[in-house]
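Student: Okay, here's the structure, questions in a sec.
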Amino acid sequence: MDGRDWGLFLQPYEQAVEELKVKLKTLRTELKNREAYSPIEFVTGRVKRISSILEKAKRLSVPMENIDTGIEDIAGIRIMCQFVDDIHRVASFIRLRKDLKLVYEKDYVTNFKDSGYRSYHMIVEYPVQTAIGLKHVLAEIQIRTLAMNFWATIEHSLNYKYKESLPDEVRDRLKKAAEAASVLDTEMSSIHKEILNAQREFEEKSNMVSSVLSDIQELYFFHRVREAVQFQLRFNELWEQEDAYGIRMLSDEIRTAINRAKKGGAN
727 MDGRDWGLFL
737 QPYEQAVEEL
747 KVKLKTLRTE
757 LKNREAYSPI
767 EFVTGRVKRI
777 SSILEKAKRL
787 SVPMENIDTG
797 IEDIAGIRIM
807 CQFVDDIHRV
817 ASFIRLRKDL
827 KLVYEKDYVT
837 NFKDSGYRSY
847 HMIVEYPVQT
857 AIGLKHVLAE
867 IQIRTLAMNF
877 WATIEHSLNY
887 KYKESLPDEV
897 RDRLKKAAEA
907 ASVLDTEMSS
917 IHKEILNAQR
927 EFEEKSNMVS
937 SVLSDIQELY
947 FFHRVREAVQ
957 FQLRFNELWE
967 QEDAYGIRML
977 SDEIRTAINR
987 AKKGGAN
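As structure tokens, then:
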């Protein structure tokens, strides 16, 4: 093993992970605001542990002086999606980005591994500005559904326990579990539209409630205490009745009251 300063060596990878997480989370927010739905459910990231880097370098026969190019997943980003179709859509967004360079892709969703592993991998080159200049680091972006991720997490833990030599019985049971996860993803895709409609309705209701309560507080700011209290009581009643239409109408009334208050109108 060489005598490198591992903390210094891994710092650009840590920076790359943090920056990519922020950028992809921002993409999620933008898509949600533009389309009321984002194919990105959530984003996580990690830098490979030193022990894992050394083990992989040994397994792949990568010389220590070449680990920055020979091991492509020292920096790792994982993007979770709800539906299989979302995976390819997210991949298309990443291909269009100008702040990173796509090196190559591996489609383990369409061409899944014999073990049952499913995921979409994109190896990218990402520029990191360091104290001594620009450094391009490799990072792996994995895109998968929640079901795929659940299975992959279990497989990873078992491979670690059995040191990559799974007993045949465990291997067979994992394959069956992978098939079950695939069936789940297929079923979720078949009711894609219904799920999205339900999520949009929930989101609209949540936004409406937040808006109404915020507007009631704004009336207090204008010293319209009596109106604010009356609106709050009406909201409480409508909320108990789960009357979404009534809450929407109440919101319009409150906005009218706020506009009147801003103009200095009477109660």
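Just so you know, my numbering puts 900 at position 174 of the sequence shown, and the rest follows in order with no gaps. Glycine residues also receive a C-beta, built at the ideal position from the N, C-alpha and C atoms.
1. Where N993 and R950 are concerned, what is the direct C-alpha to C-alpha distance, given to the nearest angstrom?
2. So, under 8 Å CB-CB, A783 and I793 are touching, yes? Tell me the CB distance rounded to an integer number of Å.
3. What span of residues does the beta strand (DSSP E) with D969 cover, start to end?
4. Taking Cβ positions, are L757 and V769 nearer each other than 8 Å?
5. Y852 to K861, Cα distance in whole Å?
6. Report the partner residues of P853 according to the DSSP bridge assignment.
7. Hey, out of S932, I984, E866, L900, whose CA is closest to H882's CA?
8. How should D812 be labelled, buried or exposed, when 16 other C-beta atoms within 10 angstroms of its C-beta is the threshold for buried?
9. In whole angstroms, give me the CA-to-CA distance for D898 and V854.
10. May I ask which residues mark the beginning and end of the alpha helix (DSSP H) holding M914?
11. If you reduce the DSSP assignment to three classes, tell me which class Y843 lands in.
12. If you draw a straight line from the C-alpha of R960 to the C-alpha of A878, how long is it?
13. Quick one: residues in its chain with C-beta nearer than 7 Å to the C-beta of D731, no 5 flanking neighbours on either side, listed in chain order?
14. Roughly how many angstroms lie between the CA atoms of E979 and A762, to the nearest whole one?
15. Quick one: what does DSSP say N993 is sitting in, helix, strand or coil?
16. Identify the residues that DSSP records as bridge partners of M790: which are they?
17. In the structure shown, what three-state DSSP assignment does A762 receive?
18. Could you tell me if E953 is buried or exposed, where buried requires 16 or more neighbouring beta carbons within 10 angstroms of its beta carbon?
19. According to DSSP, what are the bridge partners of Y830?
20. Compute the distance between the beta-carbons of I849 and E866, then report whether it is under 8 Å.
21. Quick one, which of V938, T856, E913 has its alpha-carbon nearest L734's?
22. Tell me whether N859 is buried or exposed, calling it buried when 16 or more other Cβ atoms sit within 10 Å of its Cβ.
23. Identify which residue in A907, T795, C807 has its Cα closest to the Cα of V863.
24. With a threshold of 8 Å between beta-carbons, can V816 be considered close to chain C, or not?
25. Going by beta carbon distance, what residues of the same chain come within less than 7 Å of R974, once the five residues before and after it are set aside?
26. Going by DSSP, which residues form a beta bridge with A801?
27. What distance in whole Å lies between the Cβ atoms of G771 and V803, which are believed to be in contact at a cut-off of 8 Å?
Tutor: Per the coordinate set shown:
1. Residue numbering aside, residue 993 sits at position 267 when the sequence shown is read from its first letter. Residue numbering aside, residue 950 sits at position 224 when the sequence shown is read from its first letter. Residue placement at N993 is poorly supported in this model, since its pLDDT is 47, which falls under 50; the coordinates are not used for a value here.
2. Numbered from its first residue, the sequence shown carries residue 783 at position 57. Numbered from its first residue, the sequence shown carries residue 793 at position 67. Going by Cβ atoms, the distance from A783 to I793 rounds to 5 Å, so yes, they are a contact pair.
3. As a first step, residue 969 must be located in the sequence shown, where it is residue number 243. Note, D969: premise wrong, no beta strand (DSSP E); not H, not E.
4. Counted from its first residue, the sequence shown places residue 757 at position 31. Counted from its first residue, the sequence shown places residue 769 at position 43. With respect to V769, L757 sits apart: the two C-beta atoms are not nearer than 8 Å.
5. Within the sequence shown, residue 852 is the residue found at index 126, counting from 1. Within the sequence shown, residue 861 is the residue found at index 135, counting from 1. Each residue's alpha carbon lies about 8 Å from the other.
6. For the purposes of this step, residue 853 is taken as residue 127 along the sequence shown, with counting starting at 1. The partner list for P853 (beta bridge, DSSP) reads H862.
7. Residue 882 sits at position 156 when you count from the first residue of the sequence shown. Of the candidates S932, I984, E866, L900, the one whose C-alpha sits nearest the C-alpha of H882 is L900.
8. Here residue 812 refers to the residue found at position 86 when the sequence shown is read from its first residue. D812 comes out buried.
9. In the sequence shown, the residue the question calls residue 898 occupies position 172. In the sequence shown, the residue the question calls residue 854 occupies position 128. Straight-line Cα distance between these residues: approximately 43 Å.
10. Locating residue 914 in the sequence shown gives position 188, counting from the first residue. It spans 894-916 - the alpha helix (DSSP H) in which M914 sits, taken as one unbroken run.
11. As a first step, residue 843 must be located in the sequence shown, where it is residue number 117. If DSSP states are grouped into helix, strand and coil, Y843 belongs with coil.
12. Residue numbering aside, residue 960 sits at position 234 when the sequence shown is read from its first letter. Residue numbering aside, residue 878 sits at position 152 when the sequence shown is read from its first letter. For R960 and A878, the distance between alpha carbons rounds to 49 Å.
13. In the sequence shown, residue 731 corresponds to position 5, counting from 1. There are no such residues.
14. The count along the sequence shown starts at 1 and reaches residue 979 at position 253. The count along the sequence shown starts at 1 and reaches residue 762 at position 36. The straight-line gap from Cα to Cα measures roughly 25 Å.
15. Your numbering for residue 993 matches position 267 in the sequence shown. Only weak support exists for where N993 lies, its pLDDT of 47 falling under 50; the value from the coordinates is given anyway. If DSSP states are grouped into helix, strand and coil, N993 belongs with coil.
16. Numbered from its first residue, the sequence shown carries residue 790 at position 64. None, per the DSSP bridge assignment.
17. The sequence position of residue 762 within the sequence shown is 36, counting from 1. Under the three-state reduction of DSSP, A762 is assigned to coil, being neither helix nor strand.
18. What you label residue 953 is simply residue 227 of the sequence shown in a count that begins at 1. Per the 10 Å Cβ criterion, buried.
19. Numbered from its first residue, the sequence shown carries residue 830 at position 104. Beta-bridge pairing links Y830 to I849.
20. For the purposes of this step, residue 849 is identified with residue 123 of the sequence shown, where counting begins at 1. For the purposes of this step, residue 866 is identified with residue 140 of the sequence shown, where counting begins at 1. Yes. Within cutoff.
21. If you number the sequence shown from 1, residue 734 lands on position 8. The candidate whose alpha carbon is nearest that of L734 is T856.
22. In the sequence shown, residue 859 corresponds to position 133, counting from 1. Reading off the sequence shown, one finds Gly at residue 859, where the question assumed Asn. So G859 counts as exposed.
23. Taking the first residue of the sequence shown as position 1, residue 863 is located at position 137. Comparing Cα-Cα distances from V863 to each of A907, T795, C807, the minimum goes to T795.
24. The chain inventory of the structure shown lacks chain C, comprising one protein chain alone.
25. The count along the sequence shown starts at 1 and reaches residue 974 at position 248. Once the five neighbours on either side are set aside, the close Cβ partners of R974 are M934.
26. By 1-based counting over the sequence shown, the position of residue 801 is 75. Looking at the DSSP assignment, A801 forms a beta bridge with V773, A865.
27. One-based indexing of the sequence shown puts residue 803 at position 77. One-based indexing of the sequence shown puts residue 771 at position 45. Looking at the sequence itself, residue 803 is Ile, so the reference to Val does not match. At roughly 5 Å, the Cβ-Cβ gap stays under 8 Å, so I803 and G771 are in contact.
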